[in-house]
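Mind the numbering: the sequence shown is residues 406 to 564 in the numbering used here, read in order.
Backbone N, C-alpha and C fix where the C-beta goes; we use that ideal spot for every residue, glycine too.
First up is the structure itself, then whatever we jot down about it.
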Amino acid sequence: MTPTRSFDVLQLLVRHGVAFIVVGMTAGVLQGAPAVTFDLDLLYERTPENISRLMAALTELEAVFRTDPRQLAPNESHLRSTGHKLLRTKYGTVDFLGSLDERPYEAVLDRSITLDVEDMTIHVLSLEELIEVKTRAGRDKDLAVLPLLRATLAARQAR
Numbered sequence: 406m407t408p409t410r411s412f413d414v415l416q417l418l419v420r421h422g423v424a425f426i427v428v429g430m431t432a433g434v435l436q437g438a439p440a441v442t443f444d445l446d447l448l449y450e451r452t453p454e455n456i457s458r459l460m461a462a463l464t465e466l467e468a469v470f471r472t473d474p475r476q477l478a479p480n481e482s483h484l485r486s487t488g489h490k491l492l493r494t495k496y497g498t499v500d501f502l503g504s505l506d507e508r509p510y511e512a513v514l515d516r517s518i519t520l521d522v523e524d525m526t527i528h529v530l531s532l533e534e535l536i537e538v539k540t541r542a543g544r545d546k547d548l549a550v551l552p553l554l555r556a557t558l559a560a561r562q563a564r
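Here's what the structure looks like:
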């Protein structure tokens, strides 16, 4: 698996005006966690207007469901659901989440921070919330990164 060209995906979504929050390990990396991640996880707002903008972006990204051998592209009905859309794009693997721990975009927005990345301003899940999410998930891969995320948070707080 090759790393996703996350910057290209984010830039395209910003250009389309999509409301999203970077979640998952990319959120940690953007806040200084010394880690490598091979995909990009994004929580998006499920309003009709944002879904329309996201559909346009997904078309440009040439997105298809990565677990479906028929290479189906997501549609608006898929995007209205709260579930995860596990997609392959021309820039790599991107997971679009309709909710995070059963919370919609609006409920998570206040647990995110705003970062300037190159020429973009994006919402990124805070390290504190990322640690909580990974703790609740409890999967081996999530638990394995907790010491790294906690050390990154401690270093940021010590500044």
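Taking the alpha carbon of residue i as the point to measure from, which residue in the options has its own alpha carbon closest?
| i | options | result |
| --- | --- | --- |
| Ala478 | Thr487, Leu491 and Val441 | Leu491 |
| Leu391 | Ala440, Leu530, Leu558 and Arg475 | Given a span of 406 to 564 for the chain in the structure shown, any question on residue 391 remains unanswerable. |
| Leu415 | Gly543, Ser457, Gln476 and Thr494 | Thr494 |
| Tyr449 | Val550, Tyr510, Val419 and Val434 | Tyr510 |
Let me confirm a value: residue i is counted as buried when at least 16 other C-beta atoms fall within 10 Å, else exposed. Which label applies?
| i | result |
| --- | --- |
| Thr472 | exposed |
| Gln562 | exposed |
| Phe501 | buried |
| Asp446 | buried |
| Gln436 | buried |
| Ser517 | buried |
| Met525 | exposed |
Could you tell me the distance, in whole angstroms, from the CA atom of residue i to the CA atom of residue j?
| i | j | result |
| --- | --- | --- |
| Ala486 | Gly503 | It is Ser, not Ala, that sits at residue 486 in the sequence shown. Going from the Cα of Ser486 to the Cα of Gly503 covers about 6 Å. |
| Glu537 | Val513 | 12 Å |
| Leu558 | Leu548 | 16 Å |
| Leu466 | Tyr496 | 7 Å |
| Met406 | Val499 | The predicted position of Met406 is uncertain, since its pLDDT is 43 and thus under 50; a value taken from the coordinates is nonetheless stated next. So the alpha carbons of these two residues sit roughly 13 Å apart. |
| Arg555 | Asp444 | 21 Å |
| Ile393 | Ala438 | A question about residue 393 goes unanswered here, because the residues of the chain that appear run from 406 up to 564. |
| Leu532 | Arg420 | 26 Å |
| Asp515 | Gly543 | 23 Å |
| Leu417 | Val550 | 29 Å |
| Met460 | Pro453 | 10 Å |
| His489 | Pro552 | 26 Å |
Are the Cβ atoms of residue i and residue j separated by less than 9 Å?
| i | j | result |
| --- | --- | --- |
| Ala468 | Val423 | no |
| Thr519 | Ile527 | yes |
| Leu535 | Val428 | yes |
| Arg377 | Leu484 | With the chain running from 406 to 564 in the structure shown, residue 377 is simply not present. |
| Thr431 | Ser411 | yes |
*Going along the chain, which unbroken runs of the beta strand (DSSP E) with 3 or more residues stay wholly within the segment 464–511?*
489–494 and 497–502
*asked:* As an exercise, report each continuous beta strand (DSSP E) stretch of at least 3 residues that is fully enclosed by the segment 521–559, in chain order.
replied: 525–530
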